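All letters in the sequence shown, in the order written, are residues -21 to -1, 1 to 316 by mature numbering (1 follows the signal peptide of the UniProt record, and there is no 0).
Beta carbons: idealized from backbone N, C-alpha and C, even for Gly.
Fair warning: this is a prediction, and the values are worked out from it, not measured in the lab.
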Amino acid sequence: MTMRPLPLVLLALALPVAACTAPTGQAASAFGRPPSAAPSQEPAQPRGVVSVAEARTVLDQWDKAEADAQRQGGTGWTAAETGFAATMSKADSRAREMIGETVTTPRQAIVKPRFAIPGKVSGAAWFMAEFRRKGGTAWSQVIFKKTPDGWRMVFMSITSAKSRPPAVARDGDGLATALAPDDGDGLVASPRRIAQAHARLQATYGEDRDALRVFTTRAIPRLNADARRDERATLGNEWTMEVRSRPVAEVYALRTAKGGALVWYGIRQQNIHVARPGTTATMTFTDRVPAALSHGRSYERRAVLKSAGMYLAVVPRSPGPARVPAEWFISLSAGGS
């Protein structure tokens, strides 16, 4: 899986042809069933949904599974990922193949791994691993969830050293606190509402005031909404544009040491363009990935771009708005008539 940032590209329209662009041993068992704990004479210690040793094994197994998937051309992610993450990785691999890029990327060794392991969660067990790679400065945050097939990655973010998220809150036993999706105590909004606010901003081109107050001025959701509004303006009287945006069901959140939260969420989106009656302008996707997905076709009546994004929001203690330092965006399909 490789992060592909969202390009903020304007939509250009010209007669008779219009151009449309869009943002673009024992350890071996841990990824299946975790090994049984060895007998110990020491008193039982409070533990979270997984031990640190098991979490490290899960991380190592995942890294190997990701590398294996890349070597196989990006077609088999089931040993490493599930759900929304697997959908995005498959789409990203397909897009890279279509535009002539290699799916395999250099993978340096993981260094300085740290784990945020909740004492308890609602639903399936999950935890967060944070690490950087040898020779690099960026930090990766990976959410692993326990599935019937073992631990799988379900969300991921990559941040620069400068925008690295703050420390997670830990209790006296070193365990993290997971927030329920609707727990907004001490926050500008609950984790679920943050994802919903992101979606509303896209659908309203940044004109929903309640959604605006959730994010900082330069947060990715607001910048993306501004870009969509600029695209719509370039269409003039030739084509209409509608953005349908909705959050995915799953959202993961951890309390920070200062009372805020880290929230991982996903968005699915459709940009729908419809030609106005009497127009002679056609529309073509010109950004590399949408152009490849649409095979360079021009559309006379309707053009639809489907995309998905995965985000990390860093939420301070209320009333501060959230910043969004990480985005993984991919175009899923492009078509029309």
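Using only the alpha-carbon positions, how far apart do residue i and residue j sit?
| i | j | result |
| --- | --- | --- |
| I309 | S286 | 6 Å |
| A168 | L241 | 12 Å |
| I199 | I89 | 28 Å |
| W218 | P127 | 47 Å |
| V227 | D187 | 20 Å |
| R255 | E279 | 10 Å |
| F106 | G245 | 17 Å |
| R35 | T61 | 19 Å |
| M132 | W41 | 8 Å |
| A260 | R208 | 20 Å |
| G163 | Q175 | 13 Å |
| G27 | S277 | 54 Å |
| G114 | K91 | 12 Å |
| A159 | G275 | 44 Å |
| D71 | T84 | 13 Å |
| A190 | V293 | 16 Å |
| P304 | M289 | 11 Å |
In terms of residues, what are the limits of the beta strand (DSSP E) holding residue i?
| i | result |
| --- | --- |
| L291 | R281 to V294 |
| I173 | It is not in any beta strand (DSSP E) - I173 instead sits in the alpha helix (DSSP H) that spans P170 to A182. |
| S312 | R302 to G315 |
| L233 | Y231 to R234 |
| A95 | I89 to A95 |
| V268 | Not the beta strand (DSSP E): V268 falls in the alpha helix (DSSP H), residues R267 to L272. |
| F194 | Segment: none, F194 is in no beta strand (DSSP E) and carries neither H nor E. |
| V121 | W118 to T126 |
| T263 | T261 to F264 |
Any idea what DSSP makes of residue i, helix, strand or coil?
| i | result |
| --- | --- |
| T138 | strand |
| P(-17) | Low confidence applies to P(-17): its pLDDT is 42, below 50, so where it sits in the model is not reliable, and the reading given next is rough at best. Reduced to three states, the DSSP call for P(-17) is coil. |
| K69 | helix |
| G238 | coil |
| G62 | helix |
| R111 | strand |
| I78 | coil |
| R131 | strand |
| R201 | helix |
| A155 | strand |
| W105 | strand |
For the alpha helix (DSSP H) that contains residue i, what are its first and last residues?
| i | result |
| --- | --- |
| Q40 | V31 to R50 |
| Q190 | Gln is not the amino acid found at residue 190; the sequence shown has Ala there. Run containing A190: R188 to L191, per the alpha helix (DSSP H) assignment. |
Out of the options, state which residue places its alpha-carbon closest to the alpha-carbon of residue i.
| i | options | result |
| --- | --- | --- |
| R73 | Q87, G62, T61 and Q49 | Q49 |
| V82 | T54, W105 and A108 | T54 |
| L233 | R171, K69, A46 and G315 | R171 |
| V29 | I122, G62 and K43 | I122 |
| R247 | K125, G102, S224 and W56 | S224 |
| T213 | T195, M262 and Q181 | M262 |
| V37 | K124, T259, M289 and T116 | K124 |
| S316 | G288, Q249, V283 and M289 | V283 |
| R296 | G238, T66, Q175 and R26 | G238 |
| G257 | Y231, Y290, Q249 and N216 | N216 |
| R112 | P300, R75, A104 and R93 | R93 |
| I78 | P300, P269, A305 and E306 | P269 |
| R302 | D266, R197 and F134 | R197 |
Any heavy atom of the ligand ADP closer than 6 Å to the Cβ of residue i?
| i | result |
| --- | --- |
| A204 | Judged by which ligands are present, the structure shown has none, so any question about the ligand ADP falls away. |
**Asked** What are the uninterrupted segments assigned as beta strand (DSSP E) that are 3 or more residues long and contained completely in the stretch 203 to 233, given in chain order?
**Response** Taking 3 residues as the minimum length, the beta strand (DSSP E) runs contained wholly in the stretch 203 to 233 are 218 to 226, in order along the chain.
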